[in-house]
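Going down the list, the protein sequences come from chains A and B. Residues 1 to 399, numbered by UniProt numbering, are exactly what the first sequence covers, in order. Residues 1 to 399, numbered by UniProt numbering, are exactly what the second sequence covers, in order. Here a beta-carbon is modelled for each residue, glycine too, at the ideal position from N, C-alpha and C.
There are 2 protein chains.
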Amino acid sequence: MASDALVPETRVLAIASHVVHGYVGNKMATCVMQAMGCDVSAINTVHYSNHTAYKQVKGTKTTAAELEQLYEGLRQSNLTNFDVLLTGYVPSADAVRAVGKIGRDIKFNAGTKPGSFFWAVLDPVMGDNGKLYIPEDEVPEYKRLLREADLILPNQFEAETLSEIPIHDLASLARAIHVLHSTYRVPHVIITSLRLTRDNQIPSSRPVTQPHTPSAEAADPLSSPPPPPPHSPAHEHDQVETLTIIGSTATSDFKPRLFRIDTPALPLFFSGTGDMFAALTVPRLIEAVSTSPSEQNLRNTPSWRSPDDVAAEDLPLAAACQKVLASMQAVLGKTAESCRAKMDAFDDAAARAGGGESETKRHLALMNASEVVVPRHVRDLLEPPHLERFRPRAVTVAI
Amino acid sequence: MASDALVPETRVLAIASHVVHGYVGNKMATCVMQAMGCDVSAINTVHYSNHTAYKQVKGTKTTAAELEQLYEGLRQSNLTNFDVLLTGYVPSADAVRAVGKIGRDIKFNAGTKPGSFFWAVLDPVMGDNGKLYIPEDEVPEYKRLLREADLILPNQFEAETLSEIPIHDLASLARAIHVLHSTYRVPHVIITSLRLTRDNQIPSSRPVTQPHTPSAEAADPLSSPPPPPPHSPAHEHDQVETLTIIGSTATSDFKPRLFRIDTPALPLFFSGTGDMFAALTVPRLIEAVSTSPSEQNLRNTPSWRSPDDVAAEDLPLAAACQKVLASMQAVLGKTAESCRAKMDAFDDAAARAGGGESETKRHLALMNASEVVVPRHVRDLLEPPHLERFRPRAVTVAI
């Protein structure tokens, strides 16, 4: 098909949550991947009015039977030859099992063509800040998914839970990633939003001090009380600091090849940034793998895993993350700016009205103002600005 | 918000069907309007695996109560200040009533600011080729919606049903549109995909000779047998002819101001083109109204209705349709080309295998190959090529 799109024709199945208003889950992932030129088929695991950080939401969940029925509809019409599967929040253990069956079916059918199917798992085990967001019985189901995945994007707490290694510095982080590579046989791992101190210590994920961009649909407001709000207005004026992402593509003996990219943290908390990161990473990785100078054709290599002689900072995964972070920094920076202006106007209006706006009304306005309205920022996604500021560096630690 | 988008910040609520695979209903409308820079909130009226022209589909419908619940979720968080409402297929009379309540609530809240809310209704009454696709009891509910609408996009059969005037030439078409303007108080009407003869006769919509781009989700395969397939493979090789769209913006006394644009018909039937037309028209109309040379500020005029001294061919609606048709011709032309190549490959493979592919398998392959994969064609949406070929002309007939 004639196209000026970034990536070759790419069919993605995205299984995650739908929100009517705002940009998290599949709403974010679909919009971002379509902007990058992907043909995205979306199976929605919940249908909510908005994301849960608003602290109030209405809607319904999709049952495991309904998920399986939709996939069966695709299967009977020969529509399941997906190149990529992206899975995010799934609302029950049964539904995670259904997603596993779907993924394994696609993978099985692609089995004869190495590299023709790639499975990215966002937010495995679904927890943050020292707290599981999902029922305990979902954890083993999520762990089973991981063993099929080509790329996982856990946060610090999830990486600790999966590896059973507490992360407190780069060496323990490297050990945890090593376990993820070797135990779960996951070739690619990215841990986003780490807050490293100057001497490369990593504060525990347990006490809630700073949010680590939890996926906003992680909590289940329809059947249990929401988690502690990650969005208290106090965070609006946090001072700028640094966020680090650490990525790794395993070598053939499942050793980590670690790179890091540091970005200035923005003085605002956004929902859906994990979903945005994952949705940008998939097409950027396809782009990097397709244009990789390696003699091997990575697109036909299982899991697009680079040969052992490729250094960490030269990995396609590192090149992808560099572009992803440059795009996100630009989009989130503009969103922070417009959010600040909207909240100043809100506060001015409230002051003129005698200061009578409730804390709840202000919180709702802040949530709305901090939505990342992707369709207004497509150019920054396609042409990541200031790429040189996000150069990946190899991390060398003894593990 | 800093943006290079086509339209000013525009919040759209789109209420229509979702398909996992392919591009019809809300899947088409959301993707198109996001590509044009709109912030689209999508309430999905069905969740189907694919569109119904595949002749097999799985999934579920959204109940009226679920639709109302999602809207109530938006309302309680102050998220209902939409600029535009686009409504399409709704699966039951109860659900149409729910959509009516939603639309009237948004309209009521926007009441103090003329022109700040615009309601477009796609496929009113849902029928084609002389046949209703919906239960009889939905028709009065759809008619009630129309009285609220600013723009409707009926097909020939729907225009006949609503106006109770059989359309057989330009004069009867003009009379039908006059009735739509005056009886339903709809300021803007567009009738797409008319097949006019050389002497401007319009064949009856009753006998099925050529499909008039019915909305692919119109049929209800989950509770009734699907309508006669509009996509039989025989249509692949129909010879090129002309399709005409007729549009009108009413004068202050509800007289039609008619314009026409003729386009070469493509030798292939596509699903979702009505949805694509509507989704492109909304942002293009906003663009045309915002840049209109009229002394009156149309954006602050109820229904963005031009003053009486604006000629038919100079209407913002005509300017919008010109760009919409130029974009669609480009995208559908490329899709037809790629479809032909894919079907040739399919037929070659079948011939090599001894000609053993079933008619069903070929039909499924054809449906898939004729999907309009919007994310691969965003440039043609943003920069409509060969605009001069789609110049609107005034239609002057005595009515």
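Simplified DSSP assignment, three categories, for residue i
{"i": "VAL19/B", "result": "strand"}
{"i": "ARG144/A", "result": "helix"}
{"i": "PHE269/A", "result": "coil"}
{"i": "HIS386/A", "result": "coil"}
{"i": "LEU86/A", "result": "strand"}
{"i": "LEU173/A", "result": "helix"}
{"i": "ARG198/A", "result": "coil"}
{"i": "GLY73/A", "result": "helix"}
{"i": "GLN63/B", "result": "Position check: residue 63/B holds Thr in this sequence, whereas Gln was assumed. Reduced to three states, the DSSP call for THR63/B is coil."}
{"i": "ASP380/B", "result": "helix"}
{"i": "ALA42/A", "result": "strand"}
{"i": "ALA14/A", "result": "strand"}
{"i": "TYR133/A", "result": "coil"}
Residue i vs residue j beta-carbon contact at 8 Å
{"i": "PRO264/B", "j": "CYS321/B", "result": "no"}
{"i": "ALA110/A", "j": "ASP150/A", "result": "no"}
{"i": "LEU70/A", "j": "VAL20/B", "result": "yes"}
{"i": "ALA171/A", "j": "MET367/A", "result": "no"}
{"i": "ARG257/B", "j": "LEU173/B", "result": "no"}
{"i": "ASN300/B", "j": "GLY115/B", "result": "yes"}
{"i": "HIS188/A", "j": "LYS255/A", "result": "no"}
{"i": "GLU141/A", "j": "ARG104/A", "result": "no"}
{"i": "GLY272/A", "j": "HIS18/A", "result": "no"}
{"i": "residue 433/B", "j": "PHE117/B", "result": "Given that chain B is displayed from residue 1 to residue 399, the structure contains no residue 433/B and the question cannot be resolved."}
{"i": "ARG260/A", "j": "THR249/A", "result": "no"}
{"i": "PHE157/A", "j": "ASP199/A", "result": "no"}
{"i": "ASP39/A", "j": "VAL12/A", "result": "yes"}
{"i": "ALA95/B", "j": "ALA64/B", "result": "yes"}
{"i": "residue 400/A", "j": "ILE399/A", "result": "Residue 400/A lies beyond the residue range present for chain A, which begins at 1 and ends at 399; the question has no answer from this structure."}
From the options, residue whose alpha carbon lies closest to that of residue i
{"i": "HIS181/B", "options": "ALA14/B, ASP199/B and LEU153/B", "result": "LEU153/B"}
{"i": "ARG284/A", "options": "ALA318/A, THR62/A and HIS363/A", "result": "ALA318/A"}
{"i": "THR161/A", "options": "VAL186/A, ILE190/A, LEU194/A and SER205/A", "result": "SER205/A"}
{"i": "LYS323/A", "options": "THR281/A, THR192/A, LYS61/A and ASP253/A", "result": "THR281/A"}
{"i": "LYS58/A", "options": "GLY274/B, PHE259/B, LYS143/B and GLU68/B", "result": "GLU68/B"}
{"i": "SER49/B", "options": "TYR23/B, GLU337/B and ARG352/B", "result": "TYR23/B"}
{"i": "LYS101/B", "options": "THR112/B, THR360/B and THR80/B", "result": "THR80/B"}
{"i": "HIS377/B", "options": "ALA35/B, ARG11/B and ALA16/B", "result": "ALA35/B"}
Closer than 8 Å to chain A by CB, residue i
{"i": "SER41/B", "result": "yes"}
{"i": "LEU280/B", "result": "no"}
{"i": "LYS58/B", "result": "yes"}
{"i": "residue 400/B", "result": "The structure shown does not extend to residue 400/B, since chain B is modelled only from 1 to 399, so the question has no answer here."}
{"i": "GLU141/B", "result": "no"}
{"i": "GLU357/B", "result": "no"}
{"i": "LEU67/B", "result": "no"}
{"i": "LEU387/B", "result": "no"}
{"i": "VAL96/B", "result": "no"}
{"i": "VAL20/B", "result": "yes"}
{"i": "GLN329/B", "result": "no"}
{"i": "SER77/B", "result": "yes"}
Cβ-based burial, residue i [other Cβ within 10 Å; buried from 16]
{"i": "PRO385/B", "result": "exposed"}
{"i": "THR197/B", "result": "exposed"}
{"i": "ASP137/B", "result": "exposed"}
{"i": "GLN329/B", "result": "buried"}
{"i": "ASP380/B", "result": "buried"}
{"i": "SER224/A", "result": "With a pLDDT of only 41 at SER224/A, under 50, the local geometry of the prediction cannot be trusted, and no value is derived from it."}
{"i": "PHE269/B", "result": "buried"}
{"i": "ASN78/B", "result": "exposed"}
{"i": "PRO375/B", "result": "buried"}
{"i": "ARG305/A", "result": "buried"}
{"i": "ASP123/A", "result": "buried"}
{"i": "GLU241/A", "result": "exposed"}
{"i": "GLU359/A", "result": "exposed"}
{"i": "HIS212/B", "result": "Any reading at HIS212/B must be qualified, since the residue scores a pLDDT of 36, below 50, and its modelled position is unreliable; no value is offered."}
Contact with chain B by residue i, beta-carbon distance below 8 Å
{"i": "residue 403/A", "result": "The structure shown does not extend to residue 403/A, since chain A is modelled only from 1 to 399, so the question has no answer here."}
{"i": "CYS321/A", "result": "no"}
{"i": "PHE390/A", "result": "no"}
{"i": "GLY73/A", "result": "yes"}
{"i": "VAL373/A", "result": "yes"}
{"i": "LEU285/A", "result": "no"}
{"i": "SER271/A", "result": "no"}
{"i": "LEU243/A", "result": "no"}
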